[in-house]
Amino acid sequence: MILMKIVLVTGGASFIGSHIVDLLLKTGYEPIIIDNLSTGEKENIPKNITMYKMDILSSEVINVFSKEKPDYVIHQAAQVDVTRSMKSPLTDASVNIMGTLNLLKYCKTFKIKKFIYASTSAVYGNTSDCSITEYFPIQPISYYGVSKHSSELYIKLFHHQYHLPYTILRYANVYGPRQTPKGEGGVISIFIKKLLKSEIPIIFGDGNQTRDFIYVKDVANANIRSLSYGDNKVINISRNEKVTINELYHKIISLIPGPSIPSY
Ligand SMILES: NC(=O)c1ccc[n+]([C@@H]2O[C@H](COP(=O)([O-])OP(=O)(O)OC[C@H]3O[C@@H](n4cnc5c(N)ncnc54)[C@H](O)[C@@H]3O)[C@@H](O)[C@H]2O)c1
């Protein structure tokens with residue numbers, strides 16, 4: 000009998016986490032989920048998946064590790080709202096730093112094979128350069144970027160002290176099905192939703208600000224590949240191609256049929 004490898008996906012009911020769960024199932028892993036459903040949706044995940052509705056800060060997380068004995072942890076759960084992080088840095092740090100630390104503690108105790116972490120290109124701050132490499136200076140301009148990077152440092156120290164293997168994936172702006180307008184890459188879902196209702200989306204500034212978008216299934220794939228590759232590395236997950244918000248807007252209206260589409 001071949002035993003399936005168990006992968007604990009925190010935030011598995013999320014926009015990105017749920018695509019990771021789908022791909023884990025397709026590739027022969029057994030995903031289990033911890034999610035407090037603060038922004039995640041139960042409808043995002045298949046019915047027969049074991050999901051613990053639980054906060055990653057809870058001391059009960061130990062019961063999940065001891066009952067399920069996961070081989071790997073893919074950590075997606077987070078406070079992802081950049082604006083909220085500026086208003087409530089304490090809440091942001093609590094979920095993103097303390098929550099990650101709580102998981103790392105149990106990963107060490109239960110000798111998890113690898114910890115895969117959803118970081119963000121927000122750790123680089125404002126970059127006008129098209130090709131951001133992993134060696135770019137870390138200069139976050141939001142508390143969200145700070146908290147995400149702080150967790151990276153804890154993960155590296157856990158590896159150094161306890162040999163816990165890791166891969167840190169710094170996602171660019173992710174887009175695709177199940178996206179909510181709140182996340183980092185939410186502009187695409189906001190534009191599509193508004194334009195389908197023939198409403199004019201607001202473009203902040205002159206619209207020449209750029210983003211680097213990546214499709215959610217490519218991000219899920221990067222996570223699954225990290226189970227076998229990229230040990231103890233930090234890897235940017237992006238197309239490394241910048242698109243202005245104006246270009247994005249015009250691309251989307253070119254794809255939506257109908258005479259009543261407003262044009263900037
Ligand atoms: N969407 C992007 O463009 C983007 C870019 C870079 C990095 N990321 C990272 O990817 C990950 C997934 O983000 P997403 O865009 O799918 O957002 P999301 O809001 O859909 O996902 C966050 C998930 O974490 C859960 N969660 C939040 N706080 C929790 C807590 N205390 N305990 C348990 N669960 C909790 C939520 O219910 C949700 O399911 C996050 O770590 C985020 O920082 C996202």
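Per numbering that gives the first Met the number 0, the sequence shown starts with residue 0, numbered consecutively.
Think of the CB as a built atom: it goes at the ideal place given N, C-alpha and C, for glycine as much as any other residue.
Computed from a prediction, not measured in an experiment: that's the story for all the values here.
Going by DSSP in three states, residue 272 sits in which element: helix, strand or coil? No statement about residue 272 is possible, as the shown extent of the chain runs from 0 to 263 and does not include it.
Report all residues from its chain with a CB closer than 8 Å to the CB of residue 248; omit the five preceding and five following residues, and keep chain order. Counting only Cβ-Cβ distances below 8 Å, and skipping sequence neighbours, we find 190, 200, 202, 206 and 263.
Below 7 Å CB to CB, which residues in the same chain sit around residue 5 once its five sequence neighbours on both sides are set aside? So the list reads 29, 31, 67, 68, 69 and 70, once near-sequence residues are dropped.
For residue 50, list the residues DSSP reports as bridge partners. Residue 50 is bridged by DSSP to 32.
Under DSSP, the beta strand (DSSP E) around residue 113 begins and ends at which residues? Annotation for residue 113: the continuous beta strand (DSSP E) segment containing it runs 113-119.
Do three or more CB pairs link the region 233-251 to the region 38-55 at distances below 8 Å? The answer is no - the region 38-55 does not touch the region 233-251, with fewer than three Cβ pairs under 8 Å.
From residue 51 to residue 92, what does the alpha carbon distance come to, in whole angstroms? Computed Cα separation, rounded: 23 Å.
Below 6 Å CB to CB, which residues in the same chain sit around residue 230 once its five sequence neighbours on both sides are set aside? Answer for residue 230: 164, listed in chain order.
Would residue 44 and residue 20 be called neighbours here (beta carbons separated by less than 8 Å)? One thing to note: residue 44 has its Cβ within 8 Å of the Cβ of residue 20.
Under 7 Å: does the beta carbon of residue 91 sit that close to some heavy atom of ligand 1? Set against 7 Å, the gap from the CB of residue 91 to the closest heavy atom of ligand 1 is not smaller.
Helix, strand or coil for residue 82? Go by DSSP, reduced to three states. DSSP places residue 82 in helix when its eight states are reduced to three.
CB of residue 33 within 8 Å of CB of residue 9, strictly: For residue 33 and residue 9, yes; Cβs fall inside 8 Å.
With DSSP as the reference, identify every bridge partner of residue 213, one or two as the case may be. According to DSSP, residue pairing for residue 213 in a beta bridge involves 173.
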